[in-house]
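Okay, so the sequence shown: first residue is 10 according to the numbering used here, each after it adds one.
Beta carbons: idealized from backbone N, C-alpha and C, even for Gly.
Quick caveat, the model's predicted, so the values are computed rather than measured.
Report on the following structure.
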Amino acid sequence: MEETIFVSGGRKLFGSVDVDASKNAFLPILAGCILCDQQVCLKNYVHISDLDLMRQILAKLGVASSLSGRELVLDMANLENNKLSHTLTQRLRASIFLLGPILARFRSAVVAYPGGCNIGLRPIDIHIKSFKALGAKIIEKHGYLYCNGENLKSGEVTLDFASVGATESLMMCCTLLKGQSVLKNVAKEPEIVDLQNFLRKMGAKVSGAGSDTIVIEGVEKLHGCEFSVMPDRIVAGTYLLAAATCGGDVEICGALEQHNESLLSFLRQSACNMVVERDRIRVKVDKRLPSIEKLQTLPYPHFPTDLQSQMLVLQCVCDGTCVLKENLFENRFGVVPELIKMGANIVLNSNTAIVKGVEKLFGADVFATDLRAGAALVVAGLKAEGYTTIHNPAHIDRGYERLEEKFASLGADIKRSKI
Ligand code: EPZ
């Protein structure tokens, strides 16, 4: 039996939807828990498969965790293993975020190369080069990293590229390295600021997250804490783009303006009628929007690659032509052939999509190729005339908790079933 999502499209969306905690903040924070040997309580867990998988990986290291509703308690008292086999790491890119915390605690690690969404090669050379710059000896063999961190010392590292994961892994490692570490050309995503807030609650001395330089004063030990993770700006952006694509009147509770400024400015350019408050955004659309002529994905605070597929869907039904360039990943247009099946007019030229807006999309049998492409296909199905069947919804479940139920609560005719 195969799970699929069925949508009968063409309806506008009305109502209010809550944004859950951020997958991309939760994952590094889960990795950061092993920096202490006590208990950590994370208050707003999200039932998505990437977090469940990270918990399984932590269990392999000796971390006990218990979940009651959305409250997750992790106990690091019996943390004992510093090895991560490929069976689990293959399925989760974020498993590489554990390298820093494992080296900080054990000063040695054996970690298999990570897997994750097939949106590109996703090398880890910046992770490796940065830890070597702090004195780690790393041998790459048969898909594993053999790391000796006996000579790991605090120091200054400049990242070749502002990698989100490398920033987070290094930041966590340096919290337990005696002396001052200065990390330069780091990523500035809000999830890194949330990680800094979490590490500070554990007693770490970290500052500068959100800027291009992070300074860490190493401490002897960190302790347990309670923490609530920030809302998911990519899920919030997905709902915003769904409302703009389908039309209607939707309030997104937990959408923070400062986390989505780039998207909001593009939507304002498209004469999207929005009411932006401190922790919610209401969007009202009752007409076809004009295309955004030119758009490219760049590191924060620019337009995020994780909203590229969802923005592509909106541009498919706008009035005009959009030239959308993907700069972060070399294979992040997996949604394009599926949208063309639905009547979209998109021409790909290397890492650029030229989208000529059409009046209508039509329901079709489509296949999710990765997490954000899957979410984008749901939005396309909501907009399209007729029935759309979305296969491989497991991709979507990696980062969205019951997405079809959230849209059904906004009046969409959508359900999941087994065929
Ligand atoms: C994080 O991935 C996010 N994942 C991704 O979200 C997001 O798309 C990405 O950051 C960019 O914002 C999590 O936080 C779990 P990077 P990460 O290292 O850390 C290259 C989603 O949909 N690079 O900033 O893997 C890399 O190939 C996911 O939620 C190297 O070349 O991203 C890419 O081109 C998808 N060498 C660019 O940098 C390295 O050592 C950005 O990668 C590391 C990265």
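Would you kindly report the start and end of the unbroken beta strand (DSSP E) that includes E226?
-> Position 217 of the sequence shown holds residue 226. Here the beta strand (DSSP E) through E226 covers T222 to E226.
Among residues of its own chain, excluding the 5 on either side of G233, which ones have a beta-carbon nearer than 6 Å to its beta-carbon?
-> As a first step, residue 233 is located in the sequence shown; it is residue number 224 there, counting from the start. So the list reads C45, Q47, Q48 and V49, once near-sequence residues are dropped.
Whether N53 touches A30 by CB criterion (8 Å) | As a first step, residue 53 is located in the sequence shown; it is residue number 44 there, counting from the start. As a first step, residue 30 is located in the sequence shown; it is residue number 21 there, counting from the start. Going by C-beta atoms, N53 is nearer than 8 Å to A30.
Would you say the beta carbon of S172 comes nearer than 7 Å to a heavy atom of the ligand EPZ?
-> Translated into the one-based positions of the sequence shown, residue 172 becomes position 163. Because some heavy atom of the ligand EPZ lies under 7 Å away, the Cβ of S172 counts as near it: yes.
Beta-bridge partners of Y155, as assigned by DSSP | Sequence index remark: in the sequence shown, residue 155 carries index 146 (1-based). In DSSP, Y155 forms a bridge with V119 and I148.
Based on Cα-Cα distance, which residue from I43, A118 and N358 lies nearest to N157?
-> Within the sequence shown, the letter at position 148 stands for residue 157. N157 has its Cα closest to that of A118, out of I43, A118 and N358.
Say whether the region 219-232 touches the region 251-271, bearing in mind that this needs 3 or more beta-carbon pairs closer than 8 Å, one atom from each stretch.
-> The region 219-232 vs the region 251-271: no contact.
Unbroken beta strand (DSSP E) run spanning Q305, endpoints | Along the sequence shown, read from residue 1 onward, the residue named residue 305 stands at position 296. Here the beta strand (DSSP E) through Q305 covers K303 to Q305.
Report yes if the C-beta of R381 is less than 7 Å from at least one heavy atom of the ligand EPZ; otherwise report no.
-> Position 372 of the sequence shown, counted from the first residue, corresponds to residue 381. Yes, the beta carbon of R381 sits closer than 7 Å to at least one heavy atom of the ligand EPZ.
Could you pull out every unbroken alpha helix (DSSP H) segment of at least 4 residues lying fully inside the region 257-291, listed in chain order?
-> 270-278
Roughly how many angstroms separate the alpha carbons of A251 and S77, rounded to a whole number?
-> For this step, residue 251 is matched to residue 242 along the sequence shown. For this step, residue 77 is matched to residue 68 along the sequence shown. Their Cα atoms are separated by approximately 31 Å.
Meets three-Cβ-pair contact criterion under 8 Å: the region 84-97 and the region 311-324 = Put simply, the region 84-97 does not touch the region 311-324. Fewer than three CB pairs are less than 8 Å apart.
Under 8 Å Cβ to Cβ from F106, same chain only, skipping five residues before and after it: list those, please.
-> Counting from one through the sequence shown, the residue named residue 106 turns up at place 97. L36, P37, A40, G174, E177, S178 and M181.
What's the C-alpha gap between I349 and F170?
-> Locating residue 349 in the sequence shown gives position 340, counting from the first residue. Locating residue 170 in the sequence shown gives position 161, counting from the first residue. In a straight line, the C-alpha of I349 is about 34 Å away from that of F170.
Around the Cβ of M63, are there at least 16 other Cβ atoms within 10 angstroms (buried) or fewer (exposed)?
-> The sequence position of residue 63 within the sequence shown is 54, counting from 1. M63 is buried by the Cβ-count criterion.
Cβ atoms of K293 and D241: under 8 Å apart, would you say?
-> Numbered from 1 along the sequence shown, position 232 holds the residue referred to as residue 241. Numbered from 1 along the sequence shown, position 284 holds the residue referred to as residue 293. Against a cut-off of 8 Å, the Cβ pair of K293 and D241 comes out as no contact.
Is it buried or exposed for R287, if we count other Cβ within 10 angstroms and need 16 for buried?
-> Residue mapping note: residue 287 aligns to position 278 of the sequence shown, counting from 1. Exposed.
Boundaries of the beta strand (DSSP E) in which Y396 is found, first to last residue | Walking along the sequence shown from the start, residue 396 turns up at place 387. First-last of the beta strand (DSSP E) with Y396: Y396 to H400.
Which residue or residues does DSSP assign as beta-bridge partners of L51?
-> Along the sequence shown, read from residue 1 onward, the residue named residue 51 stands at position 42. Answer by DSSP bridge pairing, in chain order: L81 and F236.
Go through its chain and collect everything with a Cβ distance to L154's Cβ below 6 Å, but skip five positions before and after it.
-> Along the sequence shown, one-based indexing puts residue 154 at 145. Cβ within range, chain order: V120 and I147.
L192 - containing beta strand (DSSP E), residue span | Locating residue 192 in the sequence shown gives position 183, counting from the first residue. Unbroken beta strand (DSSP E) run through L192: Q189 to K193.
When the Cα of A421 is compared with those of M10, S25, E11 and E12, which residue comes out closest?
-> Locating residue 421 in the sequence shown gives position 412, where the first residue counts as 1. Answer by Cα proximity: S25.
For V364, does the count of other Cβ atoms within 10 angstroms reach 16, so buried, or fall short, so exposed?
-> Position 355 of the sequence shown, counted from the first residue, corresponds to residue 364. The residue in question, V364, is buried, as its Cβ has 16 or more Cβ neighbours within 10 Å.
Please report the residue range of the alpha helix (DSSP H) in which S139 lies.
-> Here residue 139 refers to the residue found at position 130 when the sequence shown is read from its first residue. Membership of S139 in the alpha helix (DSSP H) is indicated by the continuous run D134 to A142.
What did DSSP end up calling C183 once you bin it into helix, strand or coil?
-> Here residue 183 is taken as the residue at index 174 of the sequence shown, counted from 1. Of the three classes helix, strand and coil, the one that applies to C183 here is helix, per DSSP.
Residue range of the unbroken beta strand (DSSP E) whose run includes R425 | Residue numbering aside, residue 425 sits at position 416 when the sequence shown is read from its first letter. Segment D422 to K427, the beta strand (DSSP E) holding R425.
Among V285, L276, L67 and L231, the one whose alpha carbon lies nearest that of K303 = Against the sequence shown, residue 303 aligns to sequence position 294. Closest option to K303, Cα to Cα, is L276.
Does the Cβ of P199 lie closer than 7 Å to at least one heavy atom of the ligand EPZ?
-> Residue mapping note: residue 199 aligns to position 190 of the sequence shown, counting from 1. Outside the cutoff, so no.
Out of C255, D406 and A73, point me to the one whose CA is closest to D295's CA.
-> Along the sequence shown, read from residue 1 onward, the residue named residue 295 stands at position 286. Selected option, being the one with the closest Cα: C255.
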